[in-house]
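One structure below.
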Amino acid sequence: MKNLLKIVSTVLAIFFNVFCINICQASVEEADFLSNVAKQYMLAQFDNNRTDKKYLVKASKIDPNRDYGGKCSGFLTAELVGGEIKKSNVVRIKCTRKNNPYTVNVPVTVNVARATTIASANIPKGTTITADLLEDSFVNESTNTSAVITDKSMILGSKARRDIRAGEQIKVSDFCVIAKGDIVTIVASTNNLEIKTQGQALEEGKVNDLIQVKNVKTKKVIQAVVTGPNTVKVIF
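Residue numbers (our numbering): 1454 to 1689.
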């Protein structure tokens, strides 16, 4: 009799273990499914075809021990609690299936990454910038600044004003686009007419800096805006 009870007890234990494993696995899959629903819902709120920024969305894990009664396909709705997208959000998912209605709130974080240019290798001070020293990347908006470079062509041919580490964001202030003594092209535009002549920079400058330039022919000193490597523009 004792042996029979031991056998029955063992069989029941195996049955409940298998049952629990199946239920637990199903609950984990359903929890992951609902977290992914919240993530995809939030991603759908953004234009993900933009090249100047991308959105990094992370949905928190929800209770895997809860019995959600299946994935509720065809009966799920999702909404953003509060209606305004912030860094920390809550997506409310509802299952409207009659035999197993439920509501679950999924915390979702959103970070915005903006396009920028970073150094692909260490750049020592005084190095002339070439395309192979730069690469496109995305960085968190909170660490980005308005002074970063997004168009690599702006600084090709310029010189680093300081040591720049590999992976570091490139800023306008990091480069001397024109050095003192450089021969530059002076561009003057008026009434759809563009005139170019040579000049000599009397001071260094970066893009958008106003510097003094001496016209090589007339010897006249003028002020011009730096527009790129060895190029300045006279503003009338």
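Quick reminder that beta carbons are idealized off the backbone N, C-alpha and C, glycines included.
CA-to-CA distance, residue j to residue i, given in whole angstroms
{"i": "Leu-1663", "j": "Leu-1646", "result": "22 Å"}
{"i": "Lys-1492", "j": "Gly-1620", "result": "29 Å"}
{"i": "Val-1510", "j": "Val-1565", "result": "9 Å"}
{"i": "Thr-1569", "j": "Val-1563", "result": "19 Å"}
{"i": "Val-1660", "j": "Ile-1576", "result": "19 Å"}
{"i": "Val-1630", "j": "Pro-1682", "result": "5 Å"}
{"i": "Asp-1500", "j": "Val-1601", "result": "23 Å"}
{"i": "Lys-1633", "j": "Lys-1539", "result": "47 Å"}
{"i": "Ser-1541", "j": "Ser-1488", "result": "15 Å"}
{"i": "Asn-1502", "j": "Ala-1512", "result": "21 Å"}
{"i": "Gly-1523", "j": "Lys-1514", "result": "17 Å"}
{"i": "Ala-1677", "j": "Thr-1671", "result": "16 Å"}
{"i": "Asn-1644", "j": "Thr-1596", "result": "42 Å"}
Beta-carbon contacts of residue i that lie in its chain and below 6 Å, excluding the five residues immediately before and after
{"i": "Lys-1547", "result": "Thr-1530 and Thr-1556"}
{"i": "Tyr-1521", "result": "Glu-1483"}
{"i": "Lys-1649", "result": "Thr-1638 and Val-1640"}
{"i": "Cys-1525", "result": "Cys-1548 and Arg-1550"}
{"i": "Asn-1558", "result": "Val-1543 and Arg-1545"}
{"i": "Val-1481", "result": "Pro-1517"}
{"i": "Tyr-1494", "result": "Ala-1531 and Val-1544"}
Cβ distance (whole Å) where residue i is taken to contact residue j below 8 Å
{"i": "Gly-1652", "j": "Val-1640", "result": "That pair is no contact at about 10 Å."}
{"i": "Arg-1567", "j": "Val-1592", "result": "7 Å"}
{"i": "Ile-1617", "j": "Asp-1604", "result": "Not a contact, Cβ separation roughly 17 Å."}
{"i": "Val-1669", "j": "Leu-1655", "result": "Contact flag wrong, Cβ pair sits at about 12 Å."}
Cβ-based burial, residue i [other Cβ within 10 Å; buried from 16]
{"i": "Gly-1658", "result": "buried"}
{"i": "Ile-1476", "result": "Note that Ile-1476 scores 39 on pLDDT, short of 50, meaning its location in the model is unreliable and no value can be drawn from it."}
{"i": "Ile-1688", "result": "exposed"}
{"i": "Val-1490", "result": "buried"}
{"i": "Ala-1574", "result": "exposed"}
Proximity to residue i [Cα-Cα], best of the options
{"i": "Asn-1553", "options": "Val-1543, Phe-1528, Thr-1671 and Asn-1542", "result": "Phe-1528"}
{"i": "Lys-1578", "options": "Lys-1612, Thr-1504 and Ser-1595", "result": "Lys-1612"}
{"i": "Ser-1642", "options": "Lys-1686, Val-1678, Ser-1606 and Gly-1610", "result": "Lys-1686"}
{"i": "Glu-1690", "options": "Lys-1672, Val-1561, Leu-1586 and Val-1678", "result": "The requested residue 1690 is not part of the displayed model; the chain covers only 1454 to 1689."}
{"i": "Arg-1519", "options": "Ala-1677, Asp-1485 and Leu-1586", "result": "Asp-1485"}
{"i": "Gln-1498", "options": "Asp-1505, Glu-1537, Thr-1504 and Gly-1523", "result": "Glu-1537"}
{"i": "Lys-1506", "options": "Gly-1523, Thr-1580, Tyr-1494 and Glu-1594", "result": "Glu-1594"}
{"i": "Asp-1635", "options": "Lys-1514, Val-1625, Val-1679 and Thr-1671", "result": "Val-1679"}
Own chain, CB closer than 7 Å to residue i, minus 5 neighbours either side, in chain order
{"i": "Ile-1571", "result": "Glu-1588, Ser-1590, Gly-1620, Glu-1621, Gln-1622 and Ile-1623"}
{"i": "Thr-1684", "result": "Val-1637, Thr-1638 and Val-1640"}
{"i": "Ala-1584", "result": "Lys-1605 and Leu-1609"}
{"i": "Val-1625", "result": "Ala-1600, Ile-1602, Lys-1659 and Val-1660"}
Cβ shell of residue i (< 8 Å), same chain only, five flanking positions each side left out
{"i": "Leu-1496", "result": "Tyr-1508 and Val-1510"}
{"i": "Ile-1582", "result": "Ile-1576, Ile-1608, Leu-1609, Gly-1610, Ser-1611, Lys-1612, Ala-1613 and Phe-1628"}
{"i": "Gly-1535", "result": "Asn-1542 and Val-1543"}
{"i": "Leu-1586", "result": "Ala-1572, Ser-1573, Ala-1574, Ile-1576 and Thr-1580"}
{"i": "Thr-1504", "result": "Ala-1568"}
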